[in-house]
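*Asks:* Mind having a look at this structure? Questions to follow.
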Ligand code: PMP
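In structure tokens form, the structure reads like this:
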């Protein structure tokens, strides 16, 4: 069996040989940005939006990506093709590159860029049919004044600590509150509630990443005439909502049926969530 091919700085190399230096500041300091993207039926889902977010994240940390959007898009296709993958997960990473042992980015000669395309680890079907329990994490989402959560940086420790709490509690995900105590997002997904027939999601200024899946759900709600609002979501709103779901490239649309031991609605996947899950699957597969 031939080895999985990884794109590293412009070349396809075997997975076993695909590596970055231990002096790379992406590894030493989490100094870099990334994207998690999906290919459905051989097509990148919303390529312009993912690449735009990557370039904006890079700009915010003053990292200049040595490729154009078009070059990176075609490199993703090239890598997926080399691995004969048409439905897969894509990880596109840009680091500050090789530097010295101090944090100074000036010491880094040029950014490292790599693209991994691999099978997507799909969550068990039952989770989508029955929903999952989640908790509210005690770990506060990084305040925008420290490191904006809108930057998809390689520094995920904030989220990882929250995910550990979820693991310890034996649940799937942790919801993170911001510095004001309002709901921001999950450790790796955006969050939506349904209350009295209306879909509600925290605004980006609450400390959430501008999720591409989130954007697709907002569009689908508008298309389906489901009222949708961005507004401040308090922890209390989580406890009294009728439906809840989380969205992300990997998880897609994940229904939540329990939050901190409180049953959400009737404890089953609600009608609006169900409709959005179906529409989302149709949208990604058929582009509708
Ligand atoms: N929030 C965080 C913190 C994330 O890491 C992600 C991506 N996994 C999301 C939200 C969802 O974003 P997207 O829909 O673009 O995958």
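Numbering (our numbering), first residue to last: 128 to 415.
Just so it is clear, CB atoms sit at the ideal spot from N, CA and C, and this is done for glycine as well.
1. May I ask you to report which of helix, strand or coil DSSP gives residue 359?
2. What three-state label does DSSP hand residue 340 in the structure shown?
3. Is it true that the region 153 to 167 meets the region 260 to 280, where meeting means three or more beta-carbon pairs spaced less than 8 Å apart?
4. Cα separation between residue 286 and residue 261?
5. Report all residues for which the CB-ligand distance to some heavy atom of the ligand PMP is below 7 Å; order them along the chain.
6. Would you mind working out which of 182, 336, 334 sits nearest residue 220, comparing C-alpha positions?
7. Could you give the DSSP three-state label for residue 165: helix, strand or coil?
8. For a test of the three-state rule: what should DSSP assign to residue 368, helix, strand or coil?
9. Compare the C-alpha of residue 240 against each of 263, 258, 190, 314 and name the closest.
10. If you draw a straight line from the C-alpha of residue 195 to the C-alpha of residue 168, how long is it?
11. Just to confirm before moving on: does the CB-CB distance between residue 374 and residue 399 stay below 9 Å?
12. Tell me the start and end of each unbroken beta strand (DSSP E) in the region 174 to 242 that is at least 3 residues and wholly inside, in chain order.
13. For residue 327, which three-state DSSP category applies?
14. Residue range of the alpha helix (DSSP H) that residue 409 falls in?
15. Tell me, please, which residues DSSP counts as bridged to residue 144.
16. Starting from residue 76 and walking both ways along the beta strand (DSSP E), at which residues does that stretch end?
17. So for residue 295, helix, strand or coil by DSSP?
*Replies:* Taking the definition as stated:
1. When secondary structure is reduced to three states using DSSP, residue 359 falls in the coil class, being assigned neither helix nor strand.
2. helix
3. yes
4. 14 Å
5. 163, 276, 279, 286, 312, 313, 314, 315, 316, 317, 335, 336, 338, 339, 340, 341, 374, 375, 376, 377
6. 182
7. strand
8. The answer is coil: DSSP assigns residue 368 none of H, G, I, E or B.
9. Closest in C-alpha terms to residue 240, from the list 263, 258, 190, 314, comes 190.
10. 24 Å
11. no
12. 215 to 222
13. Here DSSP, grouped into helix, strand and coil, assigns residue 327 to strand.
14. 398 to 413
15. Answer is none; residue 144 lacks a bridge partner.
16. No answer is possible for residue 76: it lies beyond the span of the chain, which begins at 128 and ends at 415.
17. helix
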